[in-house]
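Okay, so here's the structure we're looking at.
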């Protein structure tokens, strides 16, 4: 039980602008399930990528089965017996189960043909070891997601993996499927496989975990027997960060005027009956774990995705939003989570991106664009937001992440939006740029804009918002007043631990104008 | 890394903020294509007798006018991230429709307008299939290629029919005819110039043109910016259909007959011209000017090689190599830019 399989010693890894790992240590024994937890950006994924050969460490050593190892690529790591199962499945849907398990190293007959019979027999043997009754000749896309996940595990084991890394394996599974997965994990552990289990769902750890290691900001904070630590202890270790000076002073005054009312918003399987208000001059946070439905909520309000029922009011008037164009016409803007995927036209210039949502403003008759007006408008925002660029006509994919984010913000500022939804506005940008964006958000709220701030970083939620909505699996678990809450409380709600919601009246009651005043006094 | 880069590149961010053509490399690309064209032209002028004569240059312009017009049209669809494979069939259909209308006794201008309308209709259908049924443009326009060809063969029984003499003016008459030395400039050349100016302006300076680039560069970002993506795509395919129809009418007029079997694989020349001119098949990049120069590179190669005695087959080889080479050079340069 106590034989050490894998030891990570003082491993560091830096990327330009970020020290992802700073002398972290970690140890995995034979036949244990070792949980690795931490907030987004704590360095979990980086360590996993080092262990599986995708990245190489800057310094430190990895001792695997008593020998110092340094994998040059993912293939080497897999051959040495370190298997990894990523959050997204890496399988080919149109091939059979057996073909997926042996992809890239199919058994051959003497003539060089693929030996289908041997492949199916071998696959059946591996699946049998996992106590799974899946026909190896089934096409993969006929299987449920959980069964596919099992196939992924079988694929990893078919290489005789002794270490199995699982990154959020339950994020796409239902309750009963999770039980099935846990049974498999138990049987693997009993056979001596060492399992590194990464999860945001703290509530599920108690079923399977032997030990736990907590990362924060690229450091190892603690390693403990799971039985010897409390949930509070884990959460404290995860978040224990000072908030001083990361955020600008907050001077915005939420008023009693309701800017946006969302009522009973439903999107089947994604959003479950969500209602909330946004006040003028308020910064409203939305917190929740991955897959809780935060971005989906924003996209539904913005008309980017269809809703099946529910209503949205602005200034008391019911809105009919069927497309982003409708939402924009009503003064709502959405700054998406993925800048490059759906925020910027990266082949176009800074100038063209800034004016994209408001071209009529810089057009003359016959919808001809006035270059002079356009450049004038862009220059104003480049100055105002301090966008660092050699020219107004620089292609945006040549700008840094922080500057790209500012370009997206400029696009919506230029549109004079009254309701701005920021989805992870500071992801992937450096500290200085973050502060500038916080200042801007605060200033917008001060000028009477209603801001919705979606963030995975709890310090950001606590440092920047007036109230916070906490989502869990598509349901609104709690509406909290930020100054009265704690990271622990938010995390509890987000993990669905506090199932029976406490009286929420204090923060959701619409007649709350006076409360804000006294709160600011 | 990128952040460090941008800071290093602009020590004083305010100072260098020019409104001028910031993206030098872009205009450099166009310049290089133009230089390639000029070099080619020079080469044939020096090596082929009678290449650089007034008469020959006028002929070259006339012959290239149709591919240029089609190239301009297809550039719109390619910039949106799509393609139009139905051009050749639409050329045949619209020319035939116009001739048939003229043979029914309609005024020539009206017959030609009807021909143009048939092309725009094909483009509209392409656009509706692509945006409404959400089919890949390749498939939608492949289908339209077959349907339009089938329609034109059905209504004509695959037979060419002569058109009234007056139908031939557009394709065969010239302006500024002074003498035998200067036989005048053919109408199609003016049509080409006009199309290039109008569509060039449209693409570069109007909102719809800007949206065309935007959806090709990032469709989802465009949608989230409130752009009516479907409407923009419809317009792009209608413009392409219009340009194909214009070509079809010019060709029918030059022959003074309907050509239900004509235009086969013209779309490939149009796409080649557009791509040589710097249009990216990934969408978001391309210009009308580029398509014009690309067309003329193909035109000069065709005429020049013919005059040097090279067979049509050899010409095909050369043009194929040019297409591959021009895109390859572009790829390599793009990669280099990214590395920097």
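Residue numbers (my numbering), protein chains in the order written: chain A, 15 to 535; chain B, 15 to 354.
C-beta: ideal position from N, C-alpha, C; glycine also.
Note that this is a predicted model, so its numbers are computed, not measured.
{"Check": "Three-way DSSP call (helix, strand, coil) for residue 505(A) in this model", "Outcome": "helix"}
{"Check": "Spatial neighbours of residue 117(B) in its chain, beta-carbon cut-off 8 Å, leaving aside the 5 residues before and after", "Outcome": "175, 177, 178"}
{"Check": "Distance between residue 370(A) and residue 65(A) (C-alpha atoms, nearest Å)", "Outcome": "44 Å"}
{"Check": "Strand pairing of residue 299(A), partner residues [DSSP]", "Outcome": "467(A), 482(A)"}
{"Check": "Cα-Cα separation between residue 33(A) and residue 406(A), rounded to whole angstroms", "Outcome": "32 Å"}
{"Check": "Assigned exposure category for residue 196(B) - 16 Cβ within 10 Å defines buried", "Outcome": "exposed"}
{"Check": "Contacting positions in the stretch 343-368 of chain A - beta carbon closer than 7 Å to chain B", "Outcome": "348, 350, 355, 356, 357, 358, 359, 360, 361, 362, 363, 366"}
{"Check": "C-beta neighbour in chain B for residue 9(A), strict 9 Å", "Outcome": "Summary: the structure shown does not reach residue 9(A), with chain A confined to residues 15 through 535, and so no result is reported for it."}
{"Check": "Among 102(B), 164(B), 120(B), nearest to residue 83(B) - alpha-carbon criterion", "Outcome": "102(B)"}
{"Check": "Stretch pair the stretch 240-248 of chain A + the stretch 459-467 of chain A: three plus CB contacts closer than 8 Å", "Outcome": "no"}
{"Check": "Buried or exposed (CB count within 10 angstroms, at least 16 for buried), residue 420(A)", "Outcome": "buried"}
{"Check": "Under 8 Å by beta carbon: chain A residues contacting residue 299(B)", "Outcome": "361"}
{"Check": "Residue 44(A), DSSP secondary structure in three states", "Outcome": "coil"}
{"Check": "Rounded C-alpha distance that separates residue 283(B) from residue 312(B)", "Outcome": "8 Å"}
{"Check": "Counterpart residues of residue 233(A) in DSSP-defined beta bridges", "Outcome": "230(A)"}
{"Check": "Cβ-Cβ separation, residue 280(A) to residue 322(A) (assumed contact under 8 Å), whole Å", "Outcome": "5 Å"}
{"Check": "Alpha-carbon spacing of residue 211(A) relative to residue 452(A), whole angstroms", "Outcome": "34 Å"}
{"Check": "Neighbourhood of residue 28(A) by C-beta, 7 Å cutoff - its chain only, sequence neighbours within 5 removed", "Outcome": "34, 72"}
{"Check": "Contacting residues, own chain, Cβ-Cβ under 7 Å from residue 260(A) (five flanking each side not counted)", "Outcome": "473, 477"}
{"Check": "The stretch 329-336 of chain A contacting the stretch 354-373 of chain A, beta-carbon criterion three pairs below 8 Å", "Outcome": "no"}
{"Check": "Simplified DSSP state of residue 196(B), which is helix, strand or coil", "Outcome": "coil"}
{"Check": "Sufficient close CB pairs (3 or more, under 8 Å) joining the stretch 127-147 of chain B to the stretch 296-312 of chain B", "Outcome": "no"}
{"Check": "For residue 87(A) and residue 183(A), the rounded distance between their alpha carbons", "Outcome": "23 Å"}
{"Check": "DSSP three-state assignment for residue 188(A), whether helix, strand or coil", "Outcome": "coil"}
{"Check": "Alpha-carbon to alpha-carbon, residue 267(B) and residue 205(B)", "Outcome": "13 Å"}
{"Check": "Chain A within 9 Å of residue 227(B), Cβ atoms only", "Outcome": "yes"}
{"Check": "Beta-carbon neighbours of residue 239(B), restricted to chain A and to distances below 8 Å", "Outcome": "338, 342, 370, 371, 425"}
{"Check": "Chain A residues whose Cβ lies nearer than 7 Å to that of residue 305(B)", "Outcome": "The contacting residues do not exist; residue 305(B) stays about 18 Å from chain A at best."}
{"Check": "Those runs of the alpha helix (DSSP H) which lie wholly inside the stretch 68-115 of chain A and span at least 4 residues", "Outcome": "88-94, 111-115"}
{"Check": "When 432(A), 60(A), 360(A) are compared against residue 409(A), the one with the closest alpha-carbon", "Outcome": "360(A)"}
{"Check": "For residue 18(A), the first and last residue of its enclosing beta strand (DSSP E)", "Outcome": "18-29"}
{"Check": "Contact with chain B by residue 374(A), beta-carbon distance below 9 Å", "Outcome": "yes"}
{"Check": "Integer-rounded CB distance, given that residue 262(A) should sit under 8 Å from residue 449(A)", "Outcome": "7 Å"}
{"Check": "Assigned secondary structure, residue 286(A) (DSSP; H/G/I helix, E/B strand, else coil)", "Outcome": "strand"}
{"Check": "Cβ-Cβ distance between residue 85(B) and residue 305(B) below 9 Å", "Outcome": "yes"}
{"Check": "Assigned exposure category for residue 253(B) - 16 Cβ within 10 Å defines buried", "Outcome": "buried"}
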